[in-house]
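Chains as they are written, first to last, in my numbering: chain D, 1 to 81; chain V, 1 to 93; chain S, 1 to 127; chain B, 1 to 157; chain W, 1 to 238. A virtual CB, placed ideally from N, CA and C, is assigned to each residue, including glycine. As the structure is a computational prediction, the values presented were derived from the model and not from experiment.
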Amino acid sequence: MILPFDIIILLFVVICAVAALTVKDLLSAVVILGAYSFFMCLMWTQMGAVDVAFTEASVSASVGTILLITAVFKTTRNSKD
Amino acid sequence: MKSLTIIIVLITGAVLFYGTVDMPDWGDPNSPASRHVSPRYITQTVAETETPNIVTSLLADYRGYDTLGETTVIFGAGMVCILILRSARKREE
Amino acid sequence: MLDFIMAKYNYWIYIILMMIGFYGMIGKNNLVKKIIGMNIFQTAIILFFISIACKKGGATLPIIEYSHGGEHPVVHAADYLNPLPHVLMLTAIVVMVATLGVAIAIVIRLYRDYKTLEEDEILRKIS
Amino acid sequence: MIHNSTDVIIKTVARIFIPFIQLYALYVIMHGHYSPGGGFQGGVILGASLILLLITHGERVAMQRISENWITILFSLGVLIYAGIGTLCLFFGGNFLDYGVLAPLLHVSPAAARSLGILGVEIGVGIAVMSVMVSIFYNIARSGPYRNKGTTARRES
Amino acid sequence: MEITLLVQATDECFSVIEKARRHAIDVLNTATLLTSETRSVEERKLQALLKGAVQARASSQQFLSTFLILMAFWCLLSGKFDIFHLSLGCICSLVIAYLSHDLLFANVRVGDARLIIQRFIAYMPWHLYQIAISNVHVAKLVLSPRMPIEPNVFRFKTKLESDMSWMALATSITLTPGTITIDIEDSGEFVVHALDKKLAADLNAGEMEDKIAHIFMESDHIYIQDALDMARVFGAMK
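Structure (structure tokens):
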């Protein structure tokens, strides 16, 4: 485990999490959540859990984002908070 | 309302933070989680299942019953989606 | 003090992420934002489990080098990461997407009935 | 969401890449023993390739490969394969999901029988996960009004 | 009196013969009509059979070539060449070829594939050189203190025909720094965003388009190629 790399990724993870919850536009929030999933996947790869990282990249970052984007298309795009 | 939410979240975080003091250190090879059953899985997997990827052999063989339940959960999720959405679609058409 | 920080910072990161997700779940009014908060909460829990599986001192991935028909190599448990949390969390991620699908189905159904995604407006329309 | 796309680039790239994505998904399922991967990941990638076909080539082209009823049948079939292999072990005198007792049926050693049992179980999981993902996406995308505001505005201008 | 009777009899005879002739002609006409009808029906059946056979042959060819390509891809991925894994690869490739054999070869003439690949490989170094040149140009533009960029969107109509060549041209334009393909209209009109007048002029000169038309053997290049082939044949005959 490389410490500077680890700290940078953790920082990005926290920033993405906060941004996904604060952005008003729902489509942007969903796309930022996809980026969050990919950073999580990167972190697990460097923690040594390759299977979990592969699952996260294929399941949560791709299909989860597709489902959320479909839901945003089907409902509405703007939120109040 | 918003301040109440923040107070609840902060209290939960503080309790959890207090709980981490007694947790084992990061990356400790002798932590309780990695001493109990996992050494047996690691050393015996090739002899017993001929599968070099320990995660796969653990997922589908040693803990196969767990995975069966989990597949059933996915099956249930698909069924629930069909039940919620397809009836409404039929009514619309 | 530095030793203490170095030994425990993974737990703190997971607590911070969990607090963010928890705030999203109970503090936000929008239903899609609630789903996003639930997603962050789940990944925080998974991060906690995965960081438990780590071992210091040259432990590698839980895949044994081995070829078909060869002799069974001698394996030391300390050389490989703990695979048990990986397995549990692998199933948890797939269940996460299944719950996401069910939640989205419910949200779409609610939007069709009430024409809004805000929780307080839905409550006002119900009463 | 589900319609025949008018964009030439996206359609052509999807047309060329979909067979390779599907073969990669099956590779991930079959080689879960030696490298990261397995039924969940491979099934999800296979489902994602079908979703890509749905959103680029429209419903008619995709549904003539696997129709909606077949998807519904397939996700029961995946769970049935898993539970069936487990029950087969009961008939040979072992415990539930104890693949080692299948060795006389497959003419291999018990350890290799366990390896083959893992492969069968992974195939069942892959089929179930693939069909569930496609089914959830299809049901969400077909429900409710679809307002194609962005593309119509662009076409009019 | 007798003479008139004789004339009448001959007249009747002639009318009877005429009637019989007409009748025979009618019968013959209907007969030929019937035979021609049946023949045309049979011909149509035969044609349909032939067409079906051609289609079946084409689809089986597609199936086989898709299967071979996928099998090669499997060997590239897997790296294990024992019988068990190769049979697994065969089964997987068969399944995928059954599922999507009409996707990979939708608009491709099968006989030309080798030539297309050869020409595409020969095209790559030129494209890399082009990328390097425009890279230097864009770097010069951006790094100079006045920033003399003039971003503009322009349209041009291509002479290419198939979707593969459209895609190749669009991705080539996007890969070159400074220019991006925004959209392709249905009539084959490209909408391109360029950073500078010079880059846009380079694109409008059409060298890249000519090269891609040469790769996929389209528009006027195919005639030139035919003429060259025929010249060789004539030389051999002389």
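- By the C-beta criterion, the segment 127 to 139 of chain B is judged to be in contact with the segment 70 to 79 of chain V, since at least 3 inter-stretch pairs fall below 8 Å.
- Just so you know, the alpha carbons of THR51(V) and VAL31(D) end up roughly 38 Å apart.
- Residues CYS41, TRP44 and THR45 of the same chain have their beta carbon placed closer than 6 Å to that of ALA53(D), with the five preceding and five following residues left out of the count.
- The C-beta distance from LEU31(S) to VAL107(S) rounds to 5 Å, short enough to meet the 8 Å contact threshold.
- Rounded to the nearest angstrom, the gap between the Cα atoms of ILE69(D) and ALA141(B) is 10 Å.
- Within the same chain, TYR41, ILE42 and THR45 come within 7 Å of ILE54(V) by CB-CB distance, once the 5 residues on both sides are set aside.
- Only exposed fits HIS107(B), as fewer than 16 other CB atoms lie within 10 angstroms of its CB.
- Pairing PHE41(S) with GLY21(S) gives a Cβ-Cβ distance under 8 Å.
- The three-state reading of DSSP puts VAL191(W) in strand, counting E and B together.
- Per DSSP, the continuous beta strand (DSSP E) segment holding LYS157(W) begins and ends at 152 to 157.
- The DSSP assignment places no complete run of the beta strand (DSSP E) inside the segment 20 to 67 of chain D (cut-off: 3 residues).
- Proximity of chain D to PRO36(B) at the Cβ level (cut-off 7 Å) is accounted for by VAL50, ASP51 and PHE54, in chain order.
- With respect to the C-alpha of PHE17(B), the residue from LYS211(W), LEU70(W) and GLN47(W) having the closest C-alpha is LEU70(W).
- Distance check between ILE66(D) and each of LEU105(B), ILE29(B), ALA25(B) and GLY47(B) places GLY47(B) closest, using alpha-carbon atoms only.
- With the criterion set as a beta carbon lying under 8 Å from some beta carbon of chain V, the members of the segment 94 to 105 of chain S are VAL94, VAL95, ALA98, THR99, GLY101, VAL102 and ALA105, in sequence order.
- At least 8 Å separates the beta-carbon of GLY37(B) from that of LEU26(B).
- With the rule of 3 Cβ pairs closer than 8 Å, the segment 31 to 40 of chain W does not count as touching the segment 76 to 92 of chain W.
- The DSSP-derived three-state label of THR181(W) is strand.
- Cβ-Cβ separation between CYS92(W) and MET30(B): approximately 7 Å, consistent with a contact (criterion under 8 Å).
- Secondary structure note for ARG39(W): its alpha helix (DSSP H) is the uninterrupted segment 2 to 78.
- When DSSP states are grouped into helix, strand and coil, ILE63(S) belongs to the strand group.
- Contact between the segment 73 to 88 of chain B and the segment 96 to 107 of chain W is absent, with fewer than three C-beta pairs closer than 8 Å.
- The Cβ atoms of GLY124(B) and ILE81(B) sit closer than 8 Å to each other.
- Only exposed fits GLN61(W), as fewer than 16 other CB atoms lie within 10 angstroms of its CB.
- For TYR34(B), the three-state secondary structure derived from DSSP is coil.
- The Cβ atoms of ILE127(B) and GLY94(B) lie no closer than 8 Å to each other.
- DSSP places GLU209(W) in the uninterrupted alpha helix (DSSP H) bounded by 207 to 215.
- Exclusion of the five residues before and after LEU203(W) leaves PHE156, ILE173, THR179, VAL192 and ALA194 as the residues of its chain whose Cβ lies within less than 8 Å of its Cβ.
- Residue environment analysis places TYR62(V) among the buried positions, since at least 16 neighbouring C-beta atoms fall within 10 angstroms of its C-beta.
- Put simply, the CB of VAL121(B) is near chain V, with a gap under 8 Å to one of its CB atoms.
- By the neighbour-count criterion, in which 16 or more other beta carbons inside 10 Å mark a residue as buried, GLN55(W) falls on the exposed side.
- The way I'd put it, the segment 45 to 61 of chain B does touch the segment 1 to 17 of chain B; three or more beta-carbon pairs between them come closer than 8 Å.
- Under the Cβ criterion of 8 Å, LYS74(D) is counted among the residues facing chain B.
- The C-beta separation of ILE50(S) from ALA49(D) comes to about 5 Å, placing the pair in contact by the 8 Å criterion.
- In its chain, beyond the 5 residues on either side, CYS89, PHE92, GLY93 and GLY94 have a beta carbon closer than 7 Å to the beta carbon of VAL101(B).
- By a beta-carbon distance limit of 8 Å, GLY13(V) contacts ILE15(S). Their separation comes to about 6 Å.
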